[in-house]
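Chemist: Quick note on the numbering used here: the sequence shown kicks off at 75 and runs consecutively. Every residue gets a Cβ at the ideal spot worked out from N, C-alpha and C, and that includes glycine.
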Amino acid sequence: MGLILSILAVYAAICVAAYFGNRQFMYFPDPARIAPEEAGLDGVEEVEISATDGTMLVAWQAPAKEGKPTILYFHGNGANAADRAPRIAAMGQDGFGVLYLNNRGYGGSAGRPTEENNVADAIVAYDYLVERGISPEQIVVYGESLGSGQAIRLAATRRVAAIVLESPLTSTVDVAQTTYFWLPLRLLITDQYDNERNIRSVTAPVIVLHGEQDRVIPVEMGRRVYRAANEPKKIGLFPNGGHVDLFDYGAWEKVRAFLASLTAAGHSGN
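1. Is there contact here, the stretch 129–144 with the stretch 169–181, by at least three beta-carbon pairs under 8 Å?
2. When you compare each of I273, G207, P110, I123 to G166 by their alpha carbons, which one comes out closest?
3. Taking the continuous alpha helix (DSSP H) assigned at W64, which residues delimit it?
4. At what residues does the beta strand (DSSP E) containing V132 begin and finish?
5. With a CB to CB cut of under 8 Å and the five nearest residues on each side skipped, what residues in its chain are close to G179?
6. Out of G114, D116, L115, W134, which one is the CA nearest neighbour of E122?
7. What did DSSP end up calling T144 once you bin it into helix, strand or coil?
8. Using a threshold of 8 Å, state whether the C-beta atoms of G426 and K328 are closer than that.
9. Classify T246 as buried or exposed, calling it buried when 16 or more other Cβ atoms lie within 10 Å of its own Cβ.
10. Using CA coordinates, which residue listed in N192, N154, D157 is at the minimum distance from S125?
11. Rounded to the nearest angstrom, what separates L243 and V299 at their Cα positions?
12. Have a look at Q98 and D265 and give me their C-alpha separation to the nearest angstrom.
13. Could you give the first and the last residue of the continuous beta strand (DSSP E) run that contains I281?
14. Taking the straight line between their C-alpha atoms, what separation do you get for A331 and H284?
15. Taking G316 as part of the beta strand (DSSP E), name the residues at either end of that continuous run.
16. Tell me the DSSP bridge mates of A236?
17. Cα-Cα, which of L333, E205, A155, L239 is closest to G114?
18. Consult DSSP for Y174 and reduce its assignment to one of helix, strand or coil.
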């Protein structure tokens, strides 16, 4: 009996630690504030955006060429804008505008990331674009990895031209269960980013991109998010792609073609 009680006590202690510390295992902020020009980008400026609670957020912004959409970009759990400079450059070279939001704690943004903070800040970033004359029909939401949760929840509440989901997870619970299957994670994880459920509320066109060699978020999660999405939708799978290298295998070209097809079809988003 004593052994059983000891095991239960240890298990309970692990559950308590998981509940109060799960965000430390979810977010890995890189706080370095780097100017766009230091990252080799021309025509991109750093802007400061005030969140609804006054927290200062740092974003990188580049204007779109005439008739081109603006990509509202939400990053994963370990990146900041400087890490994604080549992507921003590729988008700009094709005439797309970009607003890359550094989440709280990342890239010079103040505060600490949580799901609710990140989603609220995503809406603030969207409103920032609209207030500066960019119409919802010209805003494409891009969510990479954990940022797919922000992108989906934003697109469920605001009108957008389309939503791009790169390496999306079904939920953080599902990801964690691949390792910690012996814990009641649905009760312990505070920021669940339930994409498989939330995407059912998105009516904008969706493209899902996923590497079949992804060892962080299994490709089956991308397939499940795709199956849960409403039409019109498209999925692009990359047999040799991992978690963060999809641009090396033509992901941006697939996105560009998808957006062009929507324009040709006269689709105006949700």
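Modeler: Well, looking at it:
1. yes
2. Along the sequence shown, one-based indexing puts residue 166 at 92. When only C-alpha atoms are compared, the closest one is P110.
3. With the chain running from 75 to 344 in the structure shown, residue 64 is simply not present.
4. As a first step, residue 132 must be located in the sequence shown, where it is residue number 58. Run containing V132: 130–136, per the beta strand (DSSP E) assignment.
5. One-based indexing of the sequence shown puts residue 179 at position 105. Y101, P103, P105, G185, R186, P187.
6. Residue 122 sits at position 48 when you count from the first residue of the sequence shown. The option with the nearest alpha carbon to E122 is W134.
7. To locate residue 144, count along the sequence shown from 1; it is residue 70. If DSSP states are grouped into helix, strand and coil, T144 belongs with the strands.
8. The chain is shown from 75 up to 344; residue 426 falls before or after that span and cannot be answered.
9. As a first step, residue 246 is located in the sequence shown; it is residue number 172 there, counting from the start. Flag for T246 reads buried.
10. The residue labelled residue 125 in the question sits at position 51 within the sequence shown. Sequence inspection shows Ala at residue 125; the Ser mentioned does not correspond to that position. Selected option, being the one with the closest Cα: N192.
11. Walking along the sequence shown from the start, residue 243 turns up at place 169. Walking along the sequence shown from the start, residue 299 turns up at place 225. Looking at the two C-alpha atoms, the distance is approximately 8 Å.
12. Against the sequence shown, residue 98 aligns to sequence position 24. Against the sequence shown, residue 265 aligns to sequence position 191. Distance between the alpha carbons of Q98 and D265: 11 Å.
13. By 1-based counting over the sequence shown, the position of residue 281 is 207. Here the beta strand (DSSP E) through I281 covers 280–285.
14. Mapped onto the sequence shown, residue 331 falls at position 257. Mapped onto the sequence shown, residue 284 falls at position 210. Taking the straight line from one Cα to the other gives about 16 Å.
15. The residue you call residue 316 lines up with position 242 of the sequence shown. From DSSP, G316 is part of no beta strand (DSSP E); its letter is neither H nor E.
16. Indexing the sequence shown from 1 puts residue 236 at position 162. Beta-bridge pairing links A236 to V214.
17. Taking the first residue of the sequence shown as 1, we reach residue 114 at position 40. Ranking the options by Cα distance to G114, first place goes to A155.
18. Taking the first residue of the sequence shown as position 1, residue 174 is located at position 100. Looking at Y174 - three-state DSSP - the assignment turns out to be strand.
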